[in-house]
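K.L.:
My questions will all concern the structure given below.
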Amino acid sequence: MSDPAPLLTVEGVTRVHGGRRFLQRTAPVVALDNVSLSIGHGEVLGVVGESGSGKSTLARIAMALERPTAGRVLFEGNDLFALSSREIAPLRREFQMVFQDPYGSLDPRHRVGRIVAEPLHLVTPRLGRRARRERVAEVLASVGLSPDDASRHPHEFSGGQRQRIAIARALATRPKLLIADEAVSALDLSVQAQVLNLFMDLQEQQNLAILFISHDLAVVEAIADRIAVMYRGHLVEIGPADVVLRQPQHPYSRMLSRVASATHVQPGVTNPSPASVARRMEIDVTADPAVPRAAPLNSSSLRGCIFQARCPYADKLCRQYPPILRPTSTEGFAACHHANTLSSTEQ
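Rendered as structure tokens:
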């Protein structure tokens, strides 16, 4: 990491949805519960968890697209939600986002050149037409596309190529931070490997920080320096990638690790066998029989650990007192009462 000061800091962020609708009250849904994490300059932080864990909500709040119920988000020391729209505008060029759907995120009516130049119009409106064209050609080349592709429409490209266009659009403003929300999950496995290689090349060449969000720990393994594991809006473990993968200290991380070991991704391999593709598509965190399903819980009335209904190690302490993130013996942090007492070999 080139700079000891964090680039992005999420401090005690909580996001509660619902609670009141027209002429009726609804039970509030806690999408994020007191989540804190940071990412350094040039670092890749992977955020993993199954559907409903709060990953996408975290991404939107980190992008200042959604206001948290509590907590704050600091970008290079600037509290994003304390700034006016005029004050935050210059900062928006510094962080950009790549979305999941390479088909829905690109306007089919526009040519690629206009799509890639869109953020330049928004954050650098005084940039001349020639300079914009040159920048579009530059970023298209950086993601493995031809500058001539600027004159084509999105429907003329494959899914992987469309995602490259989306990445080029995000890079147009020369951001310091890229937030990738399930950016490869809609792609075939061989194309995933190509796009992951692209992310890693860009990170190395541009010292780009990446907040890489995925439901798939096997994908995150291929790219992340550190991994944060989320469950039902809670950050349950965070630490160096190899530690979280090889010596997970939270029982939920262990479940994810078992699934990841069966669906290992090798970024340099772009032509996996049909059998490996089939295995990968069949094994998912939410469907794997080795991962117990969550019992319905009312989070507002739940006592103790949020993971107790699925945890094979839950005891009286877990059912009474919610654990907090605390240092583990493996250089990370885990929200588990028994993190340092469970055998690291017991997967």
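Mapping of the sequence shown onto numbering that gives the first Met the number 0: position 69 corresponds to residue 68, and the numbering continues sequentially without gaps.
A virtual CB, placed ideally from N, CA and C, is assigned to each residue, including glycine.
Buried or exposed: where does leucine 139 fall if 16 or more other Cβ atoms within 10 Å of its Cβ makes it buried?
P.N.:
buried
K.L.:
If you run the structure through DSSP and keep just helix, strand and coil, what is phenylalanine 211?
P.N.:
strand
K.L.:
What does serine 347 pair with, by DSSP beta-bridge criteria?
P.N.:
The structure shown does not extend to residue 347, since the chain spans only 0 to 346, so no value can be given for it.
K.L.:
Sort Phe74, Leu324, Tyr320 by Cα distance to glutamine 95 and report the nearest one.
P.N.:
Ranking the options by Cα distance to glutamine 95, first place goes to Phe74.
K.L.:
Provide the residue span of the beta strand (DSSP E) that contains aspartate 180, from first to last.
P.N.:
176 to 180
K.L.:
Rounded to a whole number of angstroms, what is the C-alpha to C-alpha distance between proline 101 and glutamine 162?
P.N.:
5 Å
K.L.:
Quick check: valine 142 and alanine 88, are their CB atoms within less than 9 Å of each other?
P.N.:
Note that the C-beta distance between valine 142 and alanine 88 is not below 9 Å.
K.L.:
Name, in chain order, the residues that DSSP records as bridge partners for leucine 64.
P.N.:
Its beta-bridge partners do not exist; DSSP assigns none.
K.L.:
Short of 7 Å in beta carbon distance, which residues of its chain neighbour arginine 349, apart from the five on each side in sequence? Order them along the chain.
P.N.:
Limits of the chain in this structure are 0 at one end and 346 at the other, which puts residue 349 out of reach.
K.L.:
What number of angstroms, rounded off, separates the C-alpha of leucine 7 from the C-alpha of leucine 176?
P.N.:
8 Å
K.L.:
Can you look up threonine 327 in the DSSP assignment and give me helix, strand or coil?
P.N.:
coil
K.L.:
For the segment 32 to 42 against the segment 183 to 201, are there 3 or more C-beta pairs whose distance is under 8 Å?
P.N.:
no
K.L.:
For alanine 63, which residues of its own chain have a beta-carbon under 6 Å away from its beta-carbon, when the five flanking residues on both sides are left out?
P.N.:
Leu79
K.L.:
Can you list, in chain order, the stretches of the beta strand (DSSP E) that have 3 or more residues and sit fully within the segment 59 to 110?
P.N.:
69 to 74, 94 to 97
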